[in-house]
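All remarks here apply to the structure that follows.
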Amino acid sequence: MMTTAVCDRTEQSVSRNWEGRSVVASHSKCEPDAEALAWLDLQSQALEDASPEEIIQWAVEHYHPKLAMATAFGPEGCLILSMLAVIEPSVYVFNLETGYQFQETLDTRERIARKYGLVVDLQRPDLAVEHYEAMHGGPIYKTDPDRCCRDRKLAVLHRVAANYSAWMTGIRRDQSPHRAKAPIVGWDKKFGLVKINPLANWTHKRVWARVVQEDIPYNPLHDQGYSSIGCRPCTRPVQSGDDERAGRWGGTGKTECGLHTTDG
Ligand code: SF4
């Protein structure tokens with residue numbers, strides 16, 4: 111196997127497999143070099159008109175078993191899970207179980223497992239909610255939600271990321287201005303992983319049409335006015351005409367937990 115180093119540390123490399131395909135492997139958090147980044151960019155452009163199934167297939171061919179998928183059981187995640195069940199059910203799928211999720215979200219995990227046989231792993235922070243709150247003199251999701259997300263989501267994803275080369279998510283470009291430029295494939299500097307977004311150029315309407323058409327299990331809170339669902343204390347239903355993510359951290363100015371932003 112021919113290998114081209116992409117940083118000073120040998121753990122990270124672009125390799126060419128027996129079919130001549132380039133494979134970016136990342137076992138450290140250093141930057142891939144310009145050649146590797148250009149390759150990812152080319153792949154992303156080439157996949158712009160591909161179906162989500164073709165993009166997932168591409169991700170599996172290049173990164174499995176070092177490919178992981180994160181889901182919070184939104185309709186996009188549930189849709190990707192239904193595709194993964196056919197394409198490669200052994201891909202590692204996890205949920206960031208902060209301890210503050212809705213019971214309906216966790217029940218959706220059970221329904222997905224029953225329908226597709228995919229058991230989504232729950233990745234938890236080191237401290238259970240009761241210990242975390244005791245340490246801070248109570249919950250901090252209202253007083254310092256950035257810190258809470260950092261401790262209960264980002265730190266956990268960093269821990270998972272150390273074992274993988276690539277991760278797949280359900281983000282869409284039309285979800286928010288932050289996500290508007292999300293590529294199909296790109297380098298996620300924050301977590302040191304290749305990031306694959308098979309639904310980046312799909313719309314809210316298109317995702318839901320497919321979920322309904324294929325009777326894919328989804329979080330029942332969507333039928334009660336919740337458009338985007340995260341942790342219980344930081345999620346509320348939205349009014350008709352509201353922005354899709356208006357119900358997240360309402361009134362605080364916070365719009366992202368940090369998993370899909372490039373800062374910090
Ligand atoms: Fe904490 Fe809210 Fe972030 Fe969940 S969404 S980790 S409860 S601040």
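In terms of our numbering, the sequence shown opens at residue 111 and continues consecutively.
A virtual CB, placed ideally from N, CA and C, is assigned to each residue, including glycine.
Inset, instruction - Note down, in chain order, each residue of its chain lying with its Cβ closer than 7 Å to the Cβ of G357, except the 5 sequence neighbours on either side. - result: On the sequence shown, position 247 is the one that residue 357 refers to. The beta carbon of G357 is closer than 7 Å to those of Y336, S337, S338, T345, R346, P347 and V348 in its chain, skipping five residues each way along the sequence.
Inset, instruction - Collect the residues with a C-beta less than 6 Å away from any heavy atom of the ligand SF4 and give them in sequence order along the chain. - result: Cβ-based neighbours of the ligand SF4 within the cut-off: T208, Y210, Y251, P255, C258, C259, R262, K263, G340, C341, P343, C344 and C367.
Inset, instruction - For the stretch 302-317 and the stretch 327-334, state whether three or more C-beta atom pairs, one from each stretch, are separated by less than 8 Å. - result: Too few Cβ pairs lie closer than 8 Å, so no.
Inset, instruction - Indicate whether the contact test is met: 3 or more Cβ pairs, each with one atom in the stretch 251-261 and one in the stretch 180-197, closer than 8 Å. - result: By the Cβ rule, the stretch 251-261 does not count as touching the stretch 180-197, because fewer than three pairs are nearer than 8 Å.
Legend entry - Expected contact under 8 Å - CB spacing of R283 and A276 to nearest Å: As a first step, residue 283 is located in the sequence shown; it is residue number 173 there, counting from the start. As a first step, residue 276 is located in the sequence shown; it is residue number 166 there, counting from the start. Not quite, the Cβ-Cβ distance comes to about 20 Å (not below 8 Å), so this is no contact.
Inset, instruction - Would you tell me roughly how many angstroms separate the C-alpha atoms of V375 and R289, rounded to the nearest one? - result: The requested residue 375 is not part of the displayed model; the chain covers only 111 to 374.
Inset, instruction - Give the DSSP-derived three-state secondary structure of Q213 in the structure shown. - result: Residue numbering aside, residue 213 sits at position 103 when the sequence shown is read from its first letter. In the three-state DSSP reduction, Q213 falls in the helix class (H, G or I).
Legend entry - Candidates L216, L177, C259 and Q153, of which the one nearest E198 by Cα: Numbered from 1 along the sequence shown, position 88 holds the residue referred to as residue 198. Ranking the options by Cα distance to E198, first place goes to L177.
Inset, instruction - Report the rounded CA-to-CA distance for S138 versus N273, giving the unit in angstroms. - result: As a first step, residue 138 is located in the sequence shown; it is residue number 28 there, counting from the start. As a first step, residue 273 is located in the sequence shown; it is residue number 163 there, counting from the start. Legend: pLDDT at S138 = 48, less than 50; position of this residue unreliable, value from coordinates given subsequently. The alpha-carbon atoms of S138 and N273 are separated by roughly 9 Å.
Legend entry - Spatial distance of L206 from K315 (CA atoms): The sequence position of residue 206 within the sequence shown is 96, counting from 1. The sequence position of residue 315 within the sequence shown is 205, counting from 1. So the alpha carbons of these two residues sit roughly 26 Å apart.
Legend entry - Rounded Cβ spacing between V201 and R219 (contact assumed at less than 8 Å): As a position in the sequence shown, residue 201 is number 91, starting the count at 1. As a position in the sequence shown, residue 219 is number 109, starting the count at 1. Rounded, the Cβ-Cβ distance is 16 Å, inconsistent with contact.
Inset, instruction - Specify the secondary structure class of H137 as computed by DSSP and reduced to three states. - result: As a working note, residue 137 is residue 27 in the sequence shown. Because the pLDDT at H137 is just 46, under 50, the model does not fix this residue reliably, and the point stays unresolved.
Inset, instruction - Would you tell me roughly how many angstroms separate the C-alpha atoms of R131 and T215, rounded to the nearest one? - result: The residue given as residue 131 occupies position 21 in the sequence shown. The residue given as residue 215 occupies position 105 in the sequence shown. For R131, the predicted structure reports a pLDDT of 45, less than 50, and the residue's modelled location is therefore unreliable. A value from the coordinates is still provided. In a straight line, the C-alpha of R131 is about 38 Å away from that of T215.
Legend entry - Cβ pair V270, S154 closer than 9 Å: What you label residue 270 is simply residue 160 of the sequence shown in a count that begins at 1. What you label residue 154 is simply residue 44 of the sequence shown in a count that begins at 1. No, the Cβ-Cβ distance between V270 and S154 is not below 9 Å.
Legend entry - Distance between E324 and G209 (C-alpha atoms, nearest Å): For the purposes of this step, residue 209 is taken as the residue at position 99 of the sequence shown. For the purposes of this step, residue 324 is taken as the residue at position 214 of the sequence shown. Cα to Cα, G209 sits roughly 30 Å from E324.
Inset, instruction - Report back the beta-carbon spacing between T372 and K263 to the nearest angstrom; my notes put them in contact at under 8 Å. - result: The count along the sequence shown starts at 1 and reaches residue 372 at position 262. The count along the sequence shown starts at 1 and reaches residue 263 at position 153. Contact doesn't hold; Cβ gap of about 16 Å is too wide.
Inset, instruction - Would you list, in sequence order, the uninterrupted beta strand (DSSP E) runs of no fewer than 3 residues that lie entirely inside the stretch 170-218? - result: With a minimum length of 3 residues, the continuous beta strand (DSSP E) runs that stay inside the stretch 170-218 are 177-180 and 202-206.
Inset, instruction - Let me know the secondary structure DSSP gives A244 once reduced to three states. - result: As a first step, residue 244 is located in the sequence shown; it is residue number 134 there, counting from the start. In the structure shown, A244 sits in a helix (DSSP, three-state: H, G or I).
Legend entry - Boundaries of the alpha helix (DSSP H) in which W277 is found, first to last residue: Position 167 of the sequence shown, counted from the start, is the residue given in the question as residue 277. W277 -> not in any alpha helix (DSSP H); beta strand (DSSP E) instead, spanning A276 to M278.
Legend entry - Cβ separation of W168 and L157, assumed to be a contact under 8 Å, to the nearest whole Å: Translated into the one-based positions of the sequence shown, residue 168 becomes position 58. Translated into the one-based positions of the sequence shown, residue 157 becomes position 47. The pair is a contact, with the Cβ atoms about 6 Å apart (cut-off 8 Å).
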